[in-house]
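Going by our numbering, the sequence shown opens with residue 388, and the numbers climb by one from there.
Here a beta-carbon is modelled for each residue, glycine too, at the ideal position from N, C-alpha and C.
Quick notes on the structure that follows.
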Amino acid sequence: MSRPRSYRSEALVLKSTPIDEAGLIVTLYTRNAGKLRAVAPGARKPTSKNGGHLEPLNRVDLALANSRPGGMDSITQAQVIESFPLLKADLESISRGIYLAELVDGFGAEASTNPRLYSLLVEALRFLNDSPEMELALRHFEIHLLDCSGFMPELYRCVECREEIVPNRHLFSPELGGTLCLKCTPPDARIMPLSVEVMKVLRFLDRAPLQDITKLRISAGLQEGVKTLLAATLKYWLDKEIRSKSFMEHLEHSRPRGVYIKSV
388 MSRPRSYRSE ALVLKSTPID EAGLIVTLYT RNAGKLRAVA PGARKPTSKN GGHLEPLNRV
448 DLALANSRPG GMDSITQAQV IESFPLLKAD LESISRGIYL AELVDGFGAE ASTNPRLYSL
508 LVEALRFLND SPEMELALRH FEIHLLDCSG FMPELYRCVE CREEIVPNRH LFSPELGGTL
568 CLKCTPPDAR IMPLSVEVMK VLRFLDRAPL QDITKLRISA GLQEGVKTLL AATLKYWLDK
628 EIRSKSFMEH LEHSRPRGVY IKSV
């Protein structure tokens, strides 16, 4: 059975790259088909009806034309569904959105359906649009991204002996898949310290819906510990640096930060 000449898709725009005189190659994460790269001919022309709709971080309804085998499909029509305007209101906020998009671009497989990952990204962008200062939203997204992608670290049992982890000082290895008890220290693996406090925050982020992170207040040092461990895990599975991460962190460190303290 031959493919239809055209089809529609709902998608989030992850990034776009100029080609030829006025076109774009647009990287999309679609609800029904996973990651997709498509051509938008003439999208950069001032008279284009599609160009403004294809900005990164827009959620869009698309009409696409199927390509010949081996080619990229073409975007024939685009309409914004959500644009997350508050998220794009300043450089720091939009850098966080671009960071999430880059993670999905890295972990999302082309032509591999993952509607849970699509919904996770939409939910995170909506949350950050309303609460752009909530950095824990990034950590919540990171841990659930790993889960959606099949790389969730073990947080409840030792990955070596499989004994249940009880509150104590522990160890963590991204390459071994998560938490280690103090009795298990395999050679030739990167081992990181894991405090009880960081473990509790990770478990909270794993179990809690996104809206519940507003109840969590932790010190800057504890937040940094969670961030460091998740960053090491993401980098291990991606096997590359996340380009937007350093820029986002530069912007965050250039402004005064408050310290929130509450036990978890």
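Asked, Found
"Cβ shell of residue 578 (< 6 Å), same chain only, five flanking positions each side left out", "558, 560"
"CA-to-CA distance, residue 551 to residue 408, given in whole angstroms", "60 Å"
"Strand pairing of residue 544, partner residues [DSSP]", "551"
"Residues that residue 559 bridges to, as DSSP identifies them", "566, 579"
"Option nearest residue 444 by Cα separation, candidates 432, 400, 593, 495", "400"
"Cβ separation of residue 438 and residue 430, assumed to be a contact under 8 Å, to the nearest whole Å", "4 Å"
"CB-CB length for residue 532 against residue 494, believed under 8 Å", "6 Å"
"Rounded straight-line distance, which links the Cα of residue 500 to that of residue 464", "22 Å"
"Own chain, CB closer than 7 Å to residue 425, minus 5 neighbours either side, in chain order", "413, 415, 451, 459, 460, 461, 462"
"Cβ neighbours of residue 638 in the same chain (closer than 7 Å, five flanking residues each side left out)", "478, 479, 482"
"Local conformation of residue 407 per DSSP, three classes", "coil"
"Residue 506 classed as buried or exposed, judged by whether at least 16 other C-beta atoms fall within 10 angstroms", "exposed"
"Environment of residue 695 [buried if 16+ CB atoms lie within 10 Å]", "With the chain covering 388 to 651 only, the question about residue 695 has no answer from this structure."
"Buried versus exposed call for residue 403 [16 or more other C-beta atoms within 10 Å across all chains shown]", "buried"
"Burial state of residue 519 (16 or more Cβ within 10 Å)", "buried"
"Cα-Cα separation between residue 615 and residue 398, rounded to whole angstroms", "31 Å"
"Local conformation of residue 432 per DSSP, three classes", "coil"
"Enclosing alpha helix (DSSP H) for residue 597 [first to last residue]", "Unbroken run through residue 597: none, as it is neither H nor E."
"Close Cβ partners of residue 624 (< 7 Å) along its chain, the five nearest in sequence each way excluded", "538"
"Minimum length 4: unbroken alpha helix (DSSP H) runs contained in the region 496–532", "502–517"
"Alpha helix (DSSP H) segment containing residue 488, residue limits", "478–494"
"Secondary structure of residue 649, DSSP reduced to three states", "Only weak support exists for where residue 649 lies, its pLDDT of 38 falling under 50; the value from the coordinates is given anyway. Residue 649: coil per DSSP, three-state reduction."
"Cut-off 8 Å between Cβ atoms - residues of its own chain near residue 635, not counting five sequence neighbours on either side", "479, 482, 483, 485, 486"
"Length of the line joining the Cα atoms of residue 523 and residue 392", "44 Å"
"Cut-off 8 Å between Cβ atoms - residues of its own chain near residue 736, not counting five sequence neighbours on either side", "It is not possible to answer for residue 736, since the shown part of the chain is limited to 388 through 651."
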